[in-house]
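First the structure, in the form of structure tokens, and then the observations on it.
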Amino acid sequence: MVYTERTATLEKYLSLPQRGKVIAEYIWIDSKGDLRSKGKTLDHKVTDLSELSEWNFDGSSTGQAVGSNSDVILKPVAFYPDPFRRGDNILVLCECWNNDGTPNKYNHRHECNKLMTAHADQKVWFGLEQEYTLLDADDNYIYGWPKGGFPAPQGPYYCGVGAGKAIARDVIEAHYRACLYTGITLSGINGEVMPSQWEFQVGPCLGIKMGDELWMARYLLHRVAEEFGVKVTLHPKPLKGDWNGAGCHTNVSTEAMRHPGGMKFINDAIAKLAKRHKEHIALYGTDNNLRLTGRHETASLDDFSSGVANRGASIRIPRPVQAKGYGYFEDRRPASNIDPYLVCGIMVETICGSIPD
Ligand code: ADP
Ligand code: MN
Ligand code: MN
Ligand code: MN
Ligand code: MN
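Just so it is clear: in the sequence shown, position 326 is 1081 by this note's numbering, and no numbers are missing.
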């Protein structure tokens, strides 16, 4: 059966009444930073987080526990309308906890949330630019590229329009709509410098919501791409050579930065970031050394730098922000495969706290 016939057949079942039952898809992050999920039938429509019970899964199958003590507990932290099942069905984002009441080793949300709560008075907003690359599901080669070869060099693809420049726009468009349906703060989308590489932006989001919404947007992307038979990779340098890597630029502002006179607070934050370059780089994604080479619109991994409108610096102050004298700054160092809870957590710790000299 060809794909379109299968979709038509599936449609018949998707339109069957659910007899009052609701499906909740519980979602979590595993030991490798990949997403996992499983479905659960509920008797009622959910209107408040408190109505969602804890659940569990076999952590020995996901690298999150040993077989002799394998139950990992799923604690719901946010829920969203499900764009795939629709109706009253929902997607439920969860934190992972061990049975002894401690957060699971790979639960970075818990620590992040503590930091966000501790500095809640500064009302930190984040906006993350998620870059990613599409792969052919059959051979893991870059999607839409000539087999065994390469497309024409980079240049026409960034925000490109037309066949051969924009690859798999249907996947990207479907993902955009799915995000808006769930209420995720998707602020935009664009084609990237390397063909078959795209970007979406989430934000601005207050505090912990940034990590939650980025993880959900990633979940939706993998699910949408799955339906189109396409793979998504968040690797920061999918292909060596003269092809751009993929980042997750992290835009940040505190309340004080967002008002006239805010530039002083932006400069203070940059001075603090300069002192903790190594600590930040350690949490800014695996294989980020392959991307932060000082070429292809990146700064070098070893040196901290900042500048207005400079896309080769670690930190960039956007030109309009400089012109107005307040706004936000962009940390260009994080790789596409970051855990946003780790990055937003250390960001708040560094810029909202006081660092000893
Ligand atoms: P770039 O020019 O670097 O490609 P984008 O337009 O892709 O920038 O992304 C800018 C991001 O900055 C968006 O995610 C947006 O939500 C975010 N942003 C805008 N204003 C603020 C702010 N005051 N604080 C934090 N993030 C912000
Ligand atoms: Mn089983
Ligand atoms: Mn961008
Ligand atoms: Mn980009
Ligand atoms: Mn950017």
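For every residue, glycine included, the Cβ atom is placed at its ideal position computed from N, Cα and C.
First through last residue of the beta strand (DSSP E) which encompasses residue i
| i | result |
| --- | --- |
| Asp813 | 810-813 |
| Gly882 | 880-891 |
| Arg1071 | 1070-1072 |
| Val985 | 985-988 |
| Thr937 | That residue, Thr937, is in no beta strand (DSSP E); its alpha helix (DSSP H) goes 924-937. |
| Glu945 | First, the amino acid is wrong: residue 945 is Asn here, not Glu. Element bounds for Asn945: 941-946. |
| Leu1047 | Premise fails: Leu1047 is in no beta strand (DSSP E) and is neither H nor E. |
| Ile845 | 845-852 |
| Gly1082 | Note, Gly1082: premise wrong, no beta strand (DSSP E); not H, not E. |
| Phe1059 | Note, Phe1059: premise wrong, no beta strand (DSSP E); not H, not E. |
| Leu961 | 952-961 |
Whether residue i touches residue j by CB criterion (8 Å)
| i | j | result |
| --- | --- | --- |
| Leu941 | Tyr887 | no |
| Lys1000 | Ala892 | Position check: residue 1000 holds Gly in this sequence, whereas Lys was assumed. Taking 8 Å as the Cβ cut-off, Gly1000 and Ala892 do not qualify as a contacting pair. |
| Ala1090 | Ser1069 | no |
| Val777 | Leu807 | no |
| Tyr974 | Pro950 | no |
| Gln819 | Asp843 | no |
| Thr1041 | Val879 | no |
| Met965 | Phe881 | yes |
| Phe834 | Leu804 | yes |
| Met1012 | Gly1082 | yes |
| Leu1047 | Leu1038 | no |
| Ala1024 | Ile1106 | yes |
| Leu829 | Glu809 | yes |
| Leu889 | Ala923 | yes |
| Val957 | Ile939 | yes |
| Gln885 | Phe839 | no |
| Tyr781 | Cys849 | yes |
| Asn1043 | Pro991 | yes |
| Gly814 | Val827 | yes |
| Asn895 | Lys986 | yes |
| Pro1095 | Asp997 | no |
| Ile845 | Leu994 | no |
| Gly1080 | Pro1015 | yes |
Member of the options whose CA lies at the smallest distance from the CA of residue i
| i | options | result |
| --- | --- | --- |
| His1004 | Gly910, Leu969, Lys902, Thr762 | Leu969 |
| Phe1084 | Tyr1096, Arg1066, Leu1097, His930 | Arg1066 |
| Pro959 | Arg978, Val1007, Ala929, Phe812 | Val1007 |
| Asn811 | Ile944, Leu1028, Asn824 | Asn824 |
| Asp798 | Ile944, Ala779, Glu809 | Ala779 |
| Ile1093 | Lys1079, Arg1071, His1035, Glu1104 | His1035 |
| Ile1072 | His1014, Asn1044, Met1018 | Met1018 |
| His863 | Gly1108, Ser1109, Ile1101 | Ile1101 |
| Glu1104 | Glu866, Gln952, Lys986 | Glu866 |
| Gly1108 | Ala1064, Gly1049, Arg1031 | Arg1031 |
| Gly917 | Gly946, Tyr898, Asn895, Lys902 | Gly946 |
| Val1098 | Asp837, Lys995, Gly962 | Gly962 |
| Gln952 | Met971, Gln1077, Gly899 | Gly899 |
| Leu979 | Arg1088, Val948, His1014, Val926 | The residue asked about is misnamed: residue 979 is Val in this sequence, not Leu. Per the Cα distances, Val926. |
| Gln1077 | Ser1061, Asp837, Arg1088 | Ser1061 |
| Arg841 | Glu981, Leu769, Arg1088 | Leu769 |
| Ala1064 | Pro772, Asp876, Asn854, Asp1086 | Asp1086 |
| Val948 | Arg761, Gly1002, Val821 | Gly1002 |
| Thr817 | Leu1045, Arg1088, Asp1058, Gly788 | Gly788 |
Residue span of the alpha helix (DSSP H) that contains residue i, given as start and end
| i | result |
| --- | --- |
| Ile1101 | 1095-1107 |
| Val916 | Premise fails: Val916 is in no alpha helix (DSSP H) and is neither H nor E. |
| Arg1088 | Premise fails: Arg1088 is in no alpha helix (DSSP H) and is neither H nor E. |
| His865 | 864-873 |
| Asn1022 | 1018-1030 |
Check: residue i C-beta below 7 Å from any heavy atom of ligand 7
| i | result |
| --- | --- |
| Glu1085 | With respect to small molecules bound, the structure shown includes ligand 1, ligand 2, ligand 3, ligand 4 and ligand 5 and not ligand 7. |
Any contact of the region 927-935 with the region 846-865, i.e. 3+ C-beta pairs under 8 Å? no
To test your reading of the DSSP string, which unbroken beta strand (DSSP E) runs of 3 or more residues are found completely within the region 782-839? 790-797, 810-813, 826-836
Runs of beta strand (DSSP E) wholly within the region 966-1014 (minimum 3 residues, chain order): 985-988, 1003-1008
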